[in-house]
Every structure is written in C-alpha cells, then in structure tokens.
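For reference, the structure discussed in these notes is given below.
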Amino acid sequence: MVDGKRIRSVAVVGAGAAGAITAAALKAENYFERIRVFERRERPGGTWIYDEDPKPSLDIYPGSLPPDIDRPLKIPDSVPSHTPPSCQERYVQTPVYKSLTTNVPDIAMCYSDARFPYGPFVPHYIPRQYVENYFSTHKTDSFLQLNTTVEDMSKVNAEKGGNCQWKLTLRTYDPARHIDIWWDEIFDAVVLGNGHYSVPYVPHVDGLDAYLKRFPGRVVHSKYYRSPLPYASKKVLIIGNSASGHDISNELVTTASHPVYQSIRSKSIWDGDEPPAGIVWKPVIKEFLLDGRIMFKDGTYLDSVDTVIYCTGYKPSYPFWNIEANGRPLWDYEAGKMIKTYWHTFFQDFPTLAIVGAPRVLTFRSFEYQAIALARLFAGRHSVSLPPIEEQKKWEKEREQRTKREGLKFHDIEWETGETMEWLRGLFQIAGLGTLRGEGRIPPFLGEDMIWAIEHIKKYPEPGNGRNNAGKGKDRKGQEGVEVETEEEDWVLVERKRKDLLAFI
Ligand SMILES: Cc1cc2nc3c(=O)[nH]c(=O)nc-3n(C[C@H](O)[C@H](O)[C@H](O)COP(=O)(O)OP(=O)(O)OC[C@H]3O[C@@H](n4cnc5c(N)ncnc54)[C@H](O)[C@@H]3O)c2cc1C
Ligand SMILES: NC(=O)c1ccc[n+]([C@@H]2O[C@H](COP(=O)([O-])OP(=O)(O)OC[C@H]3O[C@@H](n4cnc5c(N)ncnc54)[C@H](OP(=O)(O)O)[C@@H]3O)[C@@H](O)[C@H]2O)c1
C-alpha cells in the first residue's frame, strides 16, 4: 500500500544477495499477489558466481562511463516478438577470481536467519551456494525467472499526482531456436537489486588511448583476472590499492617477475609504512608514452612492462532505466550518487520504486534491513512512514553537501562514526513489528557478538588502520580529493583522508 493504493505485484531485478533477501521479505508479508525475480544469469548468486574462463578482456575505454559503454539494447518495435540473438556486450560475467575468499566475518555478512556453513572467511563458492539455497529455503525459488534480462523499465499508467505502474521489457535467449524472445510484464512496484560491480572503470590518463592501440592486450582490468599463473615471470604493474589491488598484487608476487609494481593513490587499511616483500609502490601515473614507458607523477618511469592491471573498480549501470519514459536518469555520474533517493533505499518521486544494495556498507546483513523496510512499506504495514518529501529532499541535500565537504562518497556509510547504526536504525524503525498472525519479517537486532566480530576479526592485519598514515615527503596536491595538502615554506603537510574500518567492502 503506497499513498492509499494497494500494491499487488512486485518485480525484483537481480537474484544476487539483494534479490534473495528482498524476495524473502516480500513473501513473508503474505500480502502480494505476484512476486517475480528476474535474473539475467543462469542461476542465483550474483557477484558470487565464478566464471572460470571469462571471455577475453573487453576493450578498455579510459574515462568512459556506463552510459557510453553499457548502452540500452534496441527494443523491438512491437513486443511480444523475437529477434536474432543480441551480441551486444552486457558485462554479465563476474569479477570473482579463483583464490577469492570473503573479507567480512560470516556472522556479519550472512542474513540473520542462516549462518554460512563455516567461517569466519569462506571461499567464493560458499556465498553463491548460500544465496541459491536461500531462495529454496524460503520457497521463493518459484519467483525466479532465470536467463532473463530486464532490458527496459518504463513508468506507465501514471495517475495525476499519484502512483504509476512499471512496464518491464524482458529478453531471454532460446537456445533451441537461437533467437531472443521478448515480452512485457507490468508491475505495481519494482525493487532494483542489480548490483554495481559489473561495468569496469578505467580512469582517463594522458597517452593511455594511444598506448592501448600501440600495445593491444597489454592493459587489462581486474574484472578478468582469475589466477596469477598467466603472469609467470612477467613484469606487472597494478593500478589501485583497494581490495582488488591489494589481493591481486600480493598474489602475483608468487609468480610474476620481482618486484611487482603497484601504483597507489591512497593507502589502504592494510598498509604499513613499507610495501610487502616483493612489491614496490609507485605513485599515480602521469602519462603513458608510445615508446612503452609509463611515467609517474614523481618523475620516475617503468619500461618494458608486460601487463598493466587496472584495479580501479566499477561504476553502477542501469541501461534498462528508460530515461525518456521516466523523465530523468537514475544515477548522477558526476556526483557519484543515485538521484532523488531517501535513506539510500527509497525514491522521492517514485514511491513504488526501491533499491537494495546501493550503499557501500555491510552487504547481505544491511540488505536485510532495507528489504524488510520496503516490504513492510509496500504492504502498508510499516510502523513509521517515510518523512514528507521536503524532508527527504533536505536529507539528500545535506548529505550531498557534507560528503562533498569531507571528501567522502554519497553512498559510503561509515562504521566507525556510528553512521551504519543510525542508518540501520532508521530502516528498523520504518519496518516495526510483524503482524500478530506472524506476517512480515522483523528486522534483526545487531548483537554485541556481531559488532565485536566486525571490529576484531580481520582477514588481514591492519598496521596503518587508515588513520592519518600519510607517507613522508612531498605528495601531490589534492589528487581528486583523496589527499589534501597544505604547502608551507619548506614543508608539506599531507592530510590523508581517513579510511573507515569497513572502507574496503
Ligand atoms: C570481487 C568482489 C569481491 C567481493 N567480496 C565481498 C566480501 O568478501 N564480502 C562482502 O560482504 N561483499 C563482497 N563483495 C560485494 C558484493 O558485491 C556483495 O557481497 C553482494 O554480492 C552484492 O549483492 P547484490 O545482489 O547487490 O549484487 P550482485 O551480486 O551484483 O547481484 C546483482 C544481480 O543482478 C543481475 N542483473 C543485473 N542487471 C540485470 C538485468 N538488467 N536484468 C536481470 N538481472 C540483472 C546480475 O546478473 C546479478 O546476478 C565483493 C564484490 C566483488 C566484486
Ligand atoms: N573478498 C575480497 O577479498 C575482495 C577482493 C577484491 C574485491 N572485493 C570487493 O570488490 C569490490 C570492488 O573492489 P575493487 O578493489 O575492485 O574496487 P574499489 O574498492 O572501488 O577500489 C578502486 C581502487 O582504484 C583506485 N582508483 C580509482 N580511481 C583512480 C584513479 N583515477 N587513479 C588512481 N587510482 C584510482 C582507488 O583509489 P582511492 O582509494 O584512492 O580512491 C581504489 O584504490 C569491493 O566491494 C571489494 O570489497 C573483495
């Protein structure tokens, strides 16, 4: 029930960890007549599906964003219909590599009603199995429509000043006939659980475009890294120092030529004063030259590098969101945020749309709070209503200003400042209790054991703990807001932006 209108049907986009808990929370309400979960892969699991042999790394387009490289597919003029199979790249493969294990203790990573089979850190196939089992344990497996991509999402039947419905245009490949089959389905509400680690991001660097043409295949993105074996005795340069950059550079030390070079813009919470044995740190790259040299901002260079692996992360992509029909884009790439959201979950101008999994914070467990809150809102059984639109706008504006001022990202929710608790508490309050008949999930409590695990059980030692661990000597000025430098007469004060305890998630 939203704005007095009953929601009977809900679609969920994606069957990863966000989709699994959303389906369970919606079902628990025993209220909705139709719940469907659309997943473009062959099974649930999302990020945690391991693609052993990802097809050759895709071309790299430095500085390009998803609207340029993950374009909407052309929708047939009339639907239902069928077309020759699309061969447009959709970035469906995952970045999981062979040795990957989880990096959050299982008590804090799993949903509240089922632990991982063991812990604290587990191989990548455990969360995949877990997500898949979660669908069957909660009997939401029948909601799943696998191998089906949501290619378009448009608002329809909009009432003046009221809610709209959503038309999803869906595509599945029929292997027997080698055709794509297209059809539409209409829903009263939609929950986005499509993740944000699919479309790789490589920043623009002077000379990189020409370098890519001159040395094809030399530069790759960590999305396609699977094991250190192909890099035996190779001279490798890693760019980036978050979870992927840290893990991959350390793993490459076992096979690659020594040292493995790692270009880092800021220290991670795992870094001490010196790089680990076998690794040499380099600063940010200044320029790629056609003679093969890679110039760094401190004036040094590397030549004869065999492979450059960009571990520079991903950008969210919503190619299915029909900007024209819906009147605006969903994501603002310049500001790095979802547009017109409230509490990272709800939309100010679309009360029947919600998103689970957008913020960078605890994963599965946080998704649970989001899913329960939105399920109870959509069922009209919530305990506390969302604030008036003016207050939602104020929340967004103030957060935007504050995060900008503090050099943080809009959707990064910090642990150490207590922000995660405040955020979860907000969702907890919206949801409230279930009905006397037991309908509806109740948000879990955040036990002391879980909090203790988050703060004390670590996958890697944290010598620097990310706090004011600035390097010695001169550093570059204000690199994209990561370091702030005050130049005095003969010395430089570098205040590195603090990294939160869970910044690596
Ligand atoms: C390499 C790597 C390691 C990680 N390690 C950890 C870790 O150790 N601990 C941790 O807590 N988190 C980790 N994460 C974060 C991880 O993303 C979350 O744990 C969680 O899996 C996110 O779930 P999600 O459902 O939001 O997104 P995803 O897992 O990405 O699932 C989204 C699903 O939506 C589907 N989809 C997308 N678009 C469409 C469409 N148009 N139509 C139909 N289906 C669609 C996708 O195929 C996918 O199955 C890691 C991430 C990466 C990339
Ligand atoms: N379970 C595991 O062990 C594991 C392993 C790998 C990945 N993951 C997960 O996978 C997700 C993605 O992680 P990720 O490491 O691939 O990406 P990420 O966390 O987004 O990190 C991107 C890295 O690239 C750097 N970077 C970005 N733009 C840059 C630029 N213009 N110039 C120089 N450096 C730049 C960033 O530096 P700054 O920090 O300075 O911004 C950061 O070090 C995360 O959720 C992570 O937890 C988990």
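Taking UniProt numbering, the leading residue of the sequence shown gets 1, the next gets one more, and so forth. In this text, a Cβ means the ideal position worked out from N, Cα and C, and glycines have one as well.
Best match in the options for proximity to residue i [C-alpha to C-alpha]
| i | options | result |
| --- | --- | --- |
| leucine 192 | Leu330, Lys27, Asp180 and Ile389 | Leu330 |
| isoleucine 35 | Ala24, Arg43, Pro44 and Gly45 | Ala24 |
| proline 230 | Gly434, Pro216, Thr254 and Gly418 | Thr254 |
| serine 242 | Cys311, Pro200 and Tyr261 | Cys311 |
| residue 510 | Ala108, Glu398 and Asp303 | Not covered by the structure: residue 510. The range shown for the chain is 1 to 505. |
| asparagine 103 | Lys458, Leu501 and Pro72 | Lys458 |
| aspartate 106 | Thr363, Glu419, Gly432 and Leu436 | Thr363 |
| aspartate 141 | Met109, Val37 and Ala232 | Val37 |
| aspartate 3 | Ala358, Ile505, Leu502 and Phe350 | Phe350 |
| methionine 338 | Glu419, Asp500 and Pro359 | Pro359 |
| glutamate 39 | Asp59, Val92, Pro84 and Pro54 | Val92 |
| proline 444 | Leu100, Ala210, Gly19 and Ala114 | Ala114 |
Three-state secondary structure assigned by DSSP to residue i
| i | result |
| --- | --- |
| glycine 466 | No answer about glycine 466 holds up, because its pLDDT of 47 lies below 50 and its placement is not dependable. |
| lysine 397 | helix |
| arginine 8 | coil |
| valine 131 | helix |
| isoleucine 457 | coil |
| aspartate 490 | Annotation note: pLDDT 40 at aspartate 490 (below 50); position unreliable, coordinate value reported separately. Note: aspartate 490 maps to coil in three-state DSSP. |
| tryptophan 423 | helix |
| isoleucine 413 | coil |
| leucine 192 | strand |
| tyrosine 125 | helix |
| lysine 499 | coil |
| tyrosine 118 | coil |
| valine 13 | strand |
| threonine 435 | coil |
| phenylalanine 428 | helix |
| glycine 473 | Caution applies to glycine 473, whose pLDDT of 30 falls short of 50 and renders its modelled position unreliable; the value that the coordinates give is listed next. Reduced to three states, the DSSP call for glycine 473 is coil. |
| serine 154 | strand |
| phenylalanine 215 | coil |
Under 8 Å between C-beta atoms of residue i and residue j
| i | j | result |
| --- | --- | --- |
| lysine 235 | valine 305 | yes |
| proline 461 | tryptophan 270 | yes |
| tyrosine 111 | tyrosine 134 | yes |
| lysine 98 | alanine 325 | no |
| tyrosine 173 | asparagine 147 | yes |
| proline 62 | valine 202 | yes |
| alanine 371 | threonine 22 | yes |
| valine 131 | proline 44 | yes |
| threonine 403 | lysine 409 | yes |
| threonine 149 | leucine 170 | yes |
| alanine 15 | phenylalanine 187 | no |
| glutamine 88 | leucine 65 | no |
| leucine 424 | serine 383 | no |
| glycine 272 | valine 260 | no |
| glutamate 151 | glycine 440 | no |
| glycine 432 | arginine 376 | yes |
| leucine 290 | arginine 226 | no |
| serine 198 | tyrosine 314 | yes |
| phenylalanine 32 | isoleucine 60 | no |
| proline 85 | isoleucine 179 | yes |
| tryptophan 166 | histidine 82 | no |
| threonine 345 | valine 356 | yes |
Buried versus exposed, by CB contacts within 10 Å (16 or more), residue i
| i | result |
| --- | --- |
| tryptophan 452 | exposed |
| aspartate 70 | buried |
| lysine 477 | With a pLDDT of 36 at lysine 477, under the threshold of 50, the modelled position of that residue is not reliable, and no figure is offered here. |
| glycine 426 | buried |
| glutamine 262 | buried |
| histidine 221 | buried |
| glutamate 396 | buried |
| isoleucine 413 | buried |
| proline 56 | exposed |
| lysine 139 | exposed |
| glycine 217 | exposed |
| isoleucine 323 | exposed |
| alanine 17 | buried |
| isoleucine 49 | buried |
| glutamate 480 | In this predicted model, glutamate 480 has a pLDDT of only 41, less than 50, meaning its place in the structure is not dependable; the value taken from the coordinates is given anyway. The residue is exposed, with fewer than 16 neighbouring Cβ atoms inside 10 Å. |
| residue 507 | In this structure the chain extends from 1 to 505, so residue 507 is not present and cannot be described. |
| proline 388 | exposed |
| tryptophan 491 | The predicted position of tryptophan 491 is uncertain, since its pLDDT is 40 and thus under 50; no value can be drawn from it. |
| glutamine 392 | buried |
| arginine 405 | exposed |
Problem set entry | Segments of 4+ residues assigned as alpha helix (DSSP H) that fall wholly inside the stretch 283–365 | Listed in chain order, the complete alpha helix (DSSP H) runs (minimum 4 residues) inside the stretch 283–365 are 323–326.
Exercise. What residue ranges within the stretch 220–288 form continuous alpha helix (DSSP H) runs of no fewer than 4 residues, ordered along the chain?
Worked result: The DSSP assignment places 243–252 as complete runs of the alpha helix (DSSP H) inside the stretch 220–288, in order along the chain (cut-off: 4 residues).
Exercise. For the stretch 53–110, which segments carrying the beta strand (DSSP E) assignment without a break, of at least 3 residues, lie completely within its bounds, in sequence order?
Worked result: Taking only runs of at least 3 residues, the beta strand (DSSP E) segments lying wholly in the stretch 53–110 are 81–83.
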